[in-house]
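Visitor: Respectively, the protein sequence lines represent chains S and U.
Per my numbering, the first sequence starts with residue 1, numbered consecutively.
Per my numbering, the second sequence starts with residue 251, numbered consecutively.
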Amino acid sequence: MSLLQVDDLHVSVGGEAILKGLSLRMEAGEVHAIMGPNGSGKSTLANVLAGRPGYEVTGGAIAFKGHPLGQEEPEARAQAGLFLAFQYPVEIPGVSNMEFLKAAQDSHFKANGQAAESPVAFMRRVRTLADSLSLNPEFLKRGVNEGFSGGEKKRNEILQMLLLAPTLAVLDETDSGLDIDAVQTVAAGVNRFRSADNGVLLITHYQRLLNHIVPDFVHVLAEGRIVESGDRKLAETLEERGYAWLAKSG
Amino acid sequence: MGGVFAAELGLESAMSESPLDLVDQEYRAGFTTDVEADTLPPGLDEGVVRYISEKKREPAWMTDWRLAAYRVWREMTPPEWAHVHFPPIDFEAISYYSAPKSLQDGPKSLDEVDPELLRTYEKLGIPLHEQEALAGVAKGGNVAVDAVFDSVSIATTFKDKLKAAGVIFCPISEAVQEHPDLVQKYLGSVVPQRDNFYAALNSAVFSDGSFVYVPKGVRCPMELSTYFRINERNTGQFERTLIVADAGAYVSYLEGCTAPMRDENQLHAAVVELVALDDAEIKYSTVQNWYPGDADGKGGIYNFVTKRGACLGRASKISWTQVETGSAITWKYPSVVLRGAGSVGEFHSVALTNNRQQADTGTKMIHLGPNTRSTIISKGISAGRSQNSYRGLVRTSPAARGARNYTRCDSLLLGDACGAHTFPYIENKSPSATVEHEATTSKVSDDQMFLCQQRGIDPEKAVSMIVNGFCKEVFRELPMEFAVEAGKLLEVSLEGAVG
Ligand SMILES: Nc1ncnc2c1ncn2[C@@H]1O[C@H](COP(=O)(O)OP(=O)(O)OP(=O)(O)O)[C@@H](O)[C@H]1O
Ligand SMILES: [Mg+2]
Chain S
1 MSLLQVDDLH
11 VSVGGEAILK
21 GLSLRMEAGE
31 VHAIMGPNGS
41 GKSTLANVLA
51 GRPGYEVTGG
61 AIAFKGHPLG
71 QEEPEARAQA
81 GLFLAFQYPV
91 EIPGVSNMEF
101 LKAAQDSHFK
111 ANGQAAESPV
121 AFMRRVRTLA
131 DSLSLNPEFL
141 KRGVNEGFSG
151 GEKKRNEILQ
161 MLLLAPTLAV
171 LDETDSGLDI
181 DAVQTVAAGV
191 NRFRSADNGV
201 LLITHYQRLL
211 NHIVPDFVHV
221 LAEGRIVESG
231 DRKLAETLEE
241 RGYAWLAKSG
Chain U
251 MGGVFAAELG
261 LESAMSESPL
271 DLVDQEYRAG
281 FTTDVEADTL
291 PPGLDEGVVR
301 YISEKKREPA
311 WMTDWRLAAY
321 RVWREMTPPE
331 WAHVHFPPID
341 FEAISYYSAP
351 KSLQDGPKSL
361 DEVDPELLRT
371 YEKLGIPLHE
381 QEALAGVAKG
391 GNVAVDAVFD
401 SVSIATTFKD
411 KLKAAGVIFC
421 PISEAVQEHP
431 DLVQKYLGSV
441 VPQRDNFYAA
451 LNSAVFSDGS
461 FVYVPKGVRC
471 PMELSTYFRI
481 NERNTGQFER
491 TLIVADAGAY
501 VSYLEGCTAP
511 MRDENQLHAA
521 VVELVALDDA
531 EIKYSTVQNW
541 YPGDADGKGG
551 IYNFVTKRGA
561 CLGRASKISW
571 TQVETGSAIT
581 WKYPSVVLRG
591 AGSVGEFHSV
601 ALTNNRQQAD
611 TGTKMIHLGP
621 NTRSTIISKG
631 ISAGRSQNSY
641 RGLVRTSPAA
651 RGARNYTRCD
661 SLLLGDACGA
671 HTFPYIENKS
681 PSATVEHEAT
691 TSKVSDDQMF
701 LCQQRGIDPE
711 KAVSMIVNGF
721 CKEVFRELPM
731 EFAVEAGKLL
741 EVSLEGAVG
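1. Would Val742/U be called buried (16 or more neighbouring beta carbons within 10 Å of its own) or exposed?
2. Which residue's Cα is closest to the Cα of Val11/S: Asn38/S, Leu4/S, Pro53/S?
3. Do you know whose CA, among Asn47/S, Ala63/S, Phe64/S, lies nearest Glu56/S's CA?
4. Between the beta-carbon of Met26/S and the beta-carbon of Leu3/S, is there less than 9 Å?
5. Do the stretch 469-476 of chain U and the stretch 424-444 of chain U meet, that is, are 3 or more Cβ pairs less than 8 Å apart?
6. Under the criterion of a Cβ to heavy atom distance below 8 Å, does Thr44/S qualify as lining ligand 1?
7. Rounded to a whole number of angstroms, what is the C-alpha to C-alpha distance between Ser457/U and Ala449/U?
8. Once you ignore the five residues that flank Lys20/S on each side, which residues in its own chain have a CB closer than 8 Å to its CB?
9. Does ligand 2 have even one heavy atom less than 8 Å from the beta-carbon of Gln87/S?
10. Please identify, using Cβ separations under 8 Å, the residues of the stretch 699-712 of chain U that lie next to chain S, in order along the chain.
11. From which residue to which residue does the alpha helix (DSSP H) around Leu45/S run?
12. Since Leu84/S meets chain U, which of its residues come closer than 8 Å, beta carbon to beta carbon?
13. Identify the contact partners of Gly719/U in chain S, using a Cβ-Cβ distance below 7 Å as the criterion.
14. For a contact meaning CB atoms closer than 7 Å, what does Ser176/S contact in chain U?
15. Please report whether the beta-carbon of Ser599/U lies at a distance below 9 Å from any beta-carbon of chain S.
16. Going by DSSP, what residues sit across from Cys420/U in a beta bridge?
17. Could you spell out where the beta strand (DSSP E) holding Ala63/S opens and where it closes?
18. Quick check: what's the CA-CA separation for Cys659/U versus Ser628/U?
19. Below 7 Å on C-beta distance, what does Arg52/S contact in chain U?
20. Pull up the distance between the alpha-carbon of His379/U and that of Leu474/U, whole angstroms please.
21. Quick one: is Met472/U near chain A, going by C-beta distance under 9 Å?
22. Measuring CB to CB, does Lys306/U end up less than 9 Å from Val462/U?
23. Kindly list the residues whose CB is nearer than 6 Å to the CB of Ser263/U, restricted to its own chain and excluding five residues on each side of it in sequence; keep chain order.
24. Where does the unbroken beta strand (DSSP E) through Phe83/S begin, and where does it stop?
25. Kindly list the residues whose CB is nearer than 6 Å to the CB of Arg645/U, restricted to its own chain and excluding five residues on each side of it in sequence; keep chain order.
26. Along the chain, where does the beta strand (DSSP E) containing Asp8/S start, and where does it finish?
27. Indicate the three-state DSSP secondary structure (helix, strand or coil) for Leu290/U in the structure shown.
28. Could you tell me the alpha carbon to alpha carbon distance between Val13/S and Leu201/S, rounded to whole angstroms?
29. If we define contact as Cβ-Cβ less than 9 Å, is Glu258/U a contact residue for chain S?
30. Shorter than 9 Å from the beta carbon of Ser107/S to some beta carbon of chain U?
31. Who are the near neighbours of Lys614/U in its chain, counting only those whose CB is closer than 6 Å to its CB and skipping five residues on each side?
32. Of all the CB atoms in chain S, is at least one closer than 9 Å to the CB of Lys389/U?
33. Distance cutoff 9 Å, beta carbons only. Does Lys614/U sit that close to anything in chain S?
34. Any idea if Ala603/U is buried or exposed, counting beta-carbon neighbours within 10 angstroms, 16 or more meaning buried?
35. Less than 9 Å between CB atoms is the rule here; does Ala78/S satisfy it with respect to chain U?
36. Where do the ends of the beta strand (DSSP E) carrying Lys466/U lie?
The structure is reproduced here in structure tokens:
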């Protein structure tokens with residue numbers, strides 16, 4: 001049973017076809033990188049996996065851990081272990097990060113029939129995680145992403161991933177906007193997260209990240225489909241030659 | 251518009267009289283309750299006023315004061331400037347006095363209180379038995395409670411401890427007997443009988459409420475609290491609260507309100523007066539959860555309340571904090587008259603409306619003395635088909651040199667069928683005064699909802715978290731136990747608000 005299996009997926013947004021026959025298969029323990037030109041549909045794929053309203057599946061199928069994903073609410077998918085690190089994390093003013101994280105974890109625990117963790121133990125664990133991502137503990141008291149810099153928001157996404165320990169983490173350009181040191185910090189976090197039981201779908205524009213998080217597969221998404229797949233060498237080729245040669249050969 | 255609004259302040263003469271309107275038969279519906287009650291038949295005339303005064307064995311000055319108010323009220327008409335809509339109230343269909351029979355001679359101690367009543371309060375989570383309250387102390391609570399059931403105050407806890415500190419905290423009916431000098435001096439000194447239609451009515455028929463006096467230099471050793479509950483049908487509740495903080499005194503006072511679900515509308519027309527002398531501070535917090543009516547707007551409390559504080563002394567301070575989630579209609583403007591030099595007025599408000607609720611609430615900061623300061627933070631949340639208005643007046647007189655006001659009004663909309671409105675009035679007659687006003691309107695965005703859901707949080711919980719976050723600034727002002735209660739209340743009040 002694959003961790004994720006996407007077959008001939010067609011997705012429309014606002015009546016416009018964005019994904020046009022996308023297929024992808026991931027096994028547990030694998031890291032897949034997805035690269036591709038702006039507007040090719042990478043975030044659309046991430047959102048449709050997470051069940052975001054407004055993304056209409058017009059054809060094909062998605063299976064997550066062997067279960068077909070159809071009308072499941074986003075929170076049900078999340079509780080089942082599907083995590084999305086947002087390309088543009090939104091702010092929720094006044095809701096403290098700590099409170100938000102606790103609500104998120106509680107919902108996961110509850111769905112799995114687990115008792116909620118005591119606030120003290122929880123806070124200690126969150127602080128340790130924040131520290132490992134060089135996030136000042138002060139950020140935990142602030143509103144969710146409220147007044148965070150771009151890089152701080154991205155690190156906050158990784159913090160949430162580490163806390164919720166999903167089985168599939170979709171990271172949508174988590175490296176964009178990170179300084180050189182932060183890329184390494186985030187990469188270290190992802191590498192710590194990697195295990196034989198989970199998978200990472202890494203959407204990125206930069207082969208630089210793939211030096212730190214070494215992917216098992218690299219795919220190129222263009223015009224709503226995977227047009228090329230390979231190993232990490234493909235990323236290096238793309239860095240040198242761009243995407244134009246693929247369009248021609250495809 | 252400012253002029254019309256000012257009428258409620260008693261700064262303009264009463265408008266012309268209009269005939270009292272049709273009798274709503276529905277309103278006369280009978281009642282049944284487990285507590286035997288002594289209820290006056292509906293209707294209001296001088297005889298009713300005298301009856302109430304007599305029931306309470308009031309001295310002549312009190313009776314005369316009521317009668318004067320009654321005569322003024324007869325000449326007045328209900329205010330119509332608020333952004334709320336409802337059929338005219340038939341004041342002849344309301345009963346102006348209802349007392350549980352077993353309390354007719356007033357409870358001497360808690361042991362004499364009808365157990366049925368005590369159970370009602372227990373259901374509401376209000377500890378009336380001192381033992382229970384003491385158990386609350388062990389958990390960190392320290393609250394003396396006065397409970398008002400329909401028209402009568404039934405128990406005041408922690409009397410002895412307060413007495414030792416010199417603090418007077420008792421039903422106002424008792425204060426009229428025991429502390430007539432204080433009552434006579436301050437009653438109506440902040441909200442005069444003729445202040446506005448509902449204040450005049452209250453002055454004529456108020457049945458009970460709380461009285462607090464904190465003597466010079468005393469910091470009240472505990473939070474004081476009153477819980478109001480309307481039980482009987484067809485009764486209006488007209489309680490009167492008077493709080494006086496003498497020079498250098500401090501007191502924090504909490505007010506909670508509930509009412510059972512009734513199909514008909516019930517009137518609640520309270521008056522609260524606060525007086526702060528030199529360097530004194532009064533913190534007044536309200537969590538108002540009167541029955542709001544059902545989803546279609548049937549039933550619910552009409553909450554028409556006059557609350558005003560006078561910072562008489564220099565460097566005195568009065569702050570109002572309110573969380574308003576209940577009532578079919580709320581009409582309420584807790585205000586501060588800043589007379590003493592350097593005195594401070596604050597207003598922190600959360601008003602949430604859902605379904606068909608209507609709220610027109612805000613504050614008035616009247617700067618009379620030099621270097622007076624006021625802060626207004628208002629958070630309005632509208633859901634369903636509700637209408638939520640902030641109405642605020644900031645006035646500075648020529649003598650208010652260097653006065654400062656800062657006002658911020660934030661509105662949060664849930665859905666497309668509700669409304670949020672802001673009516674700020676500024677009347678600045680002091681050239682050296684600074685008056686600042688900021689307003690924002692926002693929606694709970696799809697992106698915020700999706701972020702929460704993607705983290706496993708269900709939409710109801712997400713909305714309540716986002717709304718609580720929006721209100722955080724105000725909740726911070728509440729005493730701890732109340733802040734928790736307020737958060738839960740929002741959650742309950744928002745039920746069904748997520749589409
Ligand atoms: N809500 C929407 N309504 C209409 N079109 C949309 C909507 N969301 C996305 N699109 C369009 O879908 C296409 C794919 O968008 P998507 O965000 O998936 O691209 P992407 O590959 O993630 O790009 P980038 O590298 O810039 O992040 C774009 O042309 C975009 O304009
Ligand atoms: Mg994208």
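Where is the CB? At the ideal position from N, CA and C, for every residue including glycine.
Guide: If we stick to the structure as given:
1. exposed
2. Pro53/S
3. Asn47/S
4. yes
5. no
6. yes
7. 13 Å
8. His10, Glu223, Gly224, Arg225
9. yes
10. Phe700, Leu701, Cys702, Gln703, Gln704, Arg705, Gly706, Ile707, Asp708, Pro709, Lys711
11. 42-50
12. Gln704
13. Ile92, Pro93, Gly94, Val95, Gly143
14. In chain order: nothing, as chain U lies at least about 18 Å away.
15. no
16. Phe461/U
17. 55-64
18. 5 Å
19. Phe700
20. Low per-residue confidence applies at His379/U: pLDDT is 48, beneath 50, and the placement is therefore not dependable, though the value from the model is reported in the following sentence. Cα-Cα distance, rounded: 15 Å.
21. Absent from the structure: chain A. Protein chains present are S and U.
22. no
23. Caution applies to Ser263/U, whose pLDDT of 25 falls short of 50 and renders its modelled position unreliable; the model cannot decide the point.
24. 82-85
25. Ile616, Glu677
26. 4-13
27. coil
28. 22 Å
29. In this prediction, Glu258/U has a pLDDT of 31, which is less than 50 and means its spatial position is unreliable; what the coordinates show is noted afterwards. Not an interface residue.
30. yes
31. Tyr583, Ser585, Leu643
32. Low local confidence applies: a pLDDT of 33 at Lys389/U is under 50, so the model's placement there is unreliable, with the coordinate-based value given in what follows. With 9 Å as the cut-off, Lys389/U does not count as an interface residue toward chain S.
33. no
34. Rather than Ala, the amino acid found at residue 603/U in this sequence is Thr. Result: buried.
35. yes
36. Careful: Lys466/U lies outside any beta strand (DSSP E) and carries neither H nor E.
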